[in-house]
């Protein structure tokens, strides 16, 4: 979701913002799509930030501060398994990223994304 989509829906803010390490695909095999749709069905305004740049100051705050909370996940697959083989070699592709491009999420993505949300959240208060 982008700020423009929020404006089209007439939303000034989201109730819940979900952050995921996967590319967003609105399909039942993607957990964030299911969570987002379930929360929307309950009447919440839900924004999803997919594959944010963890070094960017603005990427985690592009939808603003949520009214309730941020939900954070590394994605469908653990970020370390997704990045390394059993022999600890770097993988050259990522099945959960557009174009199979590797390197779009950090190691231990949930920890990195949560830290980034906390840092950015302090700036929004």
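Numbering (full-length UniProt numbering), first residue to last: 1 to 125.
Don't be surprised by glycine CBs; every beta carbon is placed ideally from N, CA and C.
All values derive from a computational prediction rather than experimental measurement.
Span of the beta strand (DSSP E), counted from its first residue to its last, around residue i
i	result
residue 18	16–20
residue 47	46–50
residue 71	69–73
Distance between residue j and residue i (C-alpha atoms, nearest Å)
i	j	result
residue 77	residue 54	18 angstroms
residue 15	residue 85	38 angstroms
residue 7	residue 48	15 angstroms
residue 34	residue 73	13 angstroms
residue 115	residue 36	22 angstroms
residue 67	residue 110	21 angstroms
Where the alpha helix (DSSP H) through residue i begins and ends
i	result
residue 32	31–41
residue 7	3–9
Beta-carbon proximity of residue i to residue j, cut-off 9 angstroms
i	j	result
residue 18	residue 46	yes
residue 113	residue 52	yes
residue 60	residue 120	yes
residue 105	residue 71	no
residue 21	residue 82	yes
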